[in-house]
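Asks: First residue of the sequence shown: 56, per this note's numbering; consecutive thereafter.
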Amino acid sequence: MSRFKVFSVVIHIAGWLLFMAFPLVFLNSRSLYNTSVTSFLEKPAYWIFCLTYIVLFYSNAYLFIPQFFLKKKYLIYSIICVVLLGCVYMLQPFDRLLRSTEGWRMRNGMVIPPPPSFDGRRFGHHRFGTLSPDTQGAFERPPYFHPDSLGQKNRFGHPRRFRKPFDSTSLFIFLMIMALSMAIKTVQQWQLTEQRAARAEADKTNAELSFLKAQINPHFLFNTLNNIYTLAAIKDDNAADSIMKLSNIMRYVTDDVAEDFVPLQSEIDCISDYIELQRLRIGKNTAVNFEVNGNIGIRKIAPLVMMTFIENVFKYGVSKHEPSAIDIMINIHELDISFYCKNRIFGLQKSDYQRTGIGIKNTRQRLEHLYPGKHLLSISSLNNEYIVQLTLQA
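(1) When the Cα atoms are used, what is the spatial distance from F62 to N303?
(2) Which term fits G206, buried or exposed, when burial requires 16 or more other beta carbons within 10 angstroms of its beta carbon?
(3) How far does the alpha helix (DSSP H) with R151 in it extend, from its first residue to its last?
(4) Identify whether K375 lies in helix, strand or coil by the three-state DSSP scheme.
(5) For K339, tell me which candidate among M305, A313, D311 and S374 has the shortest Cα-Cα distance.
(6) Need the endpoints of the beta strand (DSSP E) that Q448 sits in, please.
(7) Can you give, in chain order, each stretch of the alpha helix (DSSP H) that sits fully within the region 298-353 and has at least 4 residues?
(8) Quick one: using the 10 Å Cβ neighbour count with 16 as the cut-off for buried, is Y88 buried or exposed?
(9) Taking L106 as part of the alpha helix (DSSP H), name the residues at either end of that continuous run.
(10) Where Y101 and L111 are concerned, what is the direct C-alpha to C-alpha distance, given to the nearest angstrom?
(11) Specify whether the region 139-147 and the region 245-258 touch according to this definition: at least 3 beta carbon pairs, one from each stretch, less than 8 Å apart.
(12) Let me know the secondary structure DSSP gives M75 once reduced to three states.
(13) Expressed to the nearest angstrom, what Euclidean distance is found between the alpha-carbon atoms of T363 and I415?
(14) Relative to the C-alpha of A238, which candidate in P121, T418 and L79 has its C-alpha closest?
(15) Could you round the C-beta distance between R336 and N282 to whole angstroms and report it? I think they count as a contact, below 8 Å.
(16) Looking at C-alpha atoms only, which residue of L390, F104, S327 and Y371 is the closest neighbour of E346?
(17) Cβ of N344 within 8 Å of Cβ of I387?
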């Protein structure tokens, strides 16, 4: 059983214990004498009172509301409520409990205890009981009379009998029980709806992330295979080492990035292998500066969020005819991880930087999903240089 369910059961038990203690406290405070808990629990009227409202609560919360109210069968539910109200009115559980308490009846004038000298005398057509020392003040239960009605007679010449009052307390408790069960069930239904919505949103997010990864990975592998093909075509001696590095990259891309977050060390190793593959392709006119600063430790990062920008650096920042420089830096701080890359923009390629490619677009979406409110991405073109700055909070 989950912790929430245990807590809910404890709350229900505590609530009903308080409810069952209410009649004992209330009636003792308004009685001529205190009633012991044992004698109170022996009264059938007490259990009728408690069970009536307990059954009403759970019937409404777990039967009538789910089957009728939540299914928008409001007419049927209203009829059920009216029928239940009528049953409570006829049963009058609270008034029945009051009448079972001798001290309460004496305090409220429903019974007038006779003095000892009144033994054996008649009043109208009724006879009071006889007090004896061993009864300690108890007496046989006579019919109910209101003190104001003493001496008054009805049209038949009989003493006027006290009429049982309207039991508004039972109806009030009924309304409170029904309202409370409705409120609790409504809150539970709202929480269930929120959980389903959150679960659906999470499933949607995971599906989107899987789709984005599926787009990024083939794009990355396609570019890398082209590089290997170039090395093989010119029969470069580094082709074997390049194939091994590509194997490491493919293993990382196809296996490790299935998770939303991977060890930072694995991501940096993949970037390092990729840069080494690119060094073999580019000529001596391009200087590549790759630095990793800080303690990597056991930090984690979303896979391939930096790779898209590194791909673009080598795709657009290299010229066969002019010298160029590429700077790639990863700085690991206590509270964040920062990525920085810079490359020169060559004349005919400026238009490419004004539009967002599929890789950058997908990376932005993944950052929004995986680092909501915890990332800062800046892409700028200044002084003929293309600069990307990305900060990820730990």
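The beta carbon of each residue, even a glycine, is placed where N, CA and C say it ideally should be.
For clarity, every value in this text was computed on a predicted model and none was experimentally measured.
Replies: Here's the rundown:
(1) What you label residue 62 is simply residue 7 of the sequence shown in a count that begins at 1. What you label residue 303 is simply residue 248 of the sequence shown in a count that begins at 1. F62 and N303: Cα-Cα distance of roughly 50 Å.
(2) As a first step, residue 206 must be located in the sequence shown, where it is residue number 151. Caution applies to G206, whose pLDDT of 49 falls short of 50 and renders its modelled position unreliable; the value that the coordinates give is listed next. With fewer than 16 other Cβ atoms within 10 Å, it is exposed.
(3) Working through the sequence shown from its first residue, we reach residue 151 at position 96. Its alpha helix (DSSP H) spans residues P148 to R154.
(4) As a position in the sequence shown, residue 375 is number 320, starting the count at 1. In the structure shown, K375 sits in coil (DSSP, three-state: anything other than H, G, I, E or B).
(5) Indexing the sequence shown from 1 puts residue 339 at position 284. For the residues M305, A313, D311 and S374, the minimum Cα distance to K339 belongs to S374.
(6) Locating residue 448 in the sequence shown gives position 393, where the first residue counts as 1. That run of the beta strand (DSSP E) goes E440 to Q448.
(7) 319-336
(8) Mapped onto the sequence shown, residue 88 falls at position 33. With a pLDDT of only 47 at Y88, under 50, the local geometry of the prediction cannot be trusted, and the value read off the model is given with reservation. Its Cβ having fewer than 16 others within 10 Å, Y88 is exposed.
(9) Along the sequence shown, one-based indexing puts residue 106 at 51. Per DSSP, L106 belongs to the alpha helix (DSSP H) from P99 to S114.
(10) Locating residue 101 in the sequence shown gives position 46, where the first residue counts as 1. Locating residue 111 in the sequence shown gives position 56, where the first residue counts as 1. The straight-line gap separating the alpha-carbon atoms of Y101 and L111 is approximately 16 Å.
(11) no
(12) Within the sequence shown, residue 75 is the residue found at index 20, counting from 1. Helix at M75.
(13) Locating residue 363 in the sequence shown gives position 308, where the first residue counts as 1. Locating residue 415 in the sequence shown gives position 360, where the first residue counts as 1. Each residue's alpha carbon lies about 6 Å from the other.
(14) Working through the sequence shown from its first residue, we reach residue 238 at position 183. Nearest C-alpha to A238: P121.
(15) In the sequence shown, the residue the question calls residue 336 occupies position 281. In the sequence shown, the residue the question calls residue 282 occupies position 227. Confirmed, about 5 Å.
(16) Translated into the one-based positions of the sequence shown, residue 346 becomes position 291. Taking only the C-alpha atoms, the option nearest E346 is S327.
(17) Taking the first residue of the sequence shown as position 1, residue 344 is located at position 289. Taking the first residue of the sequence shown as position 1, residue 387 is located at position 332. The beta carbons of N344 and I387 sit no closer together than 8 Å.
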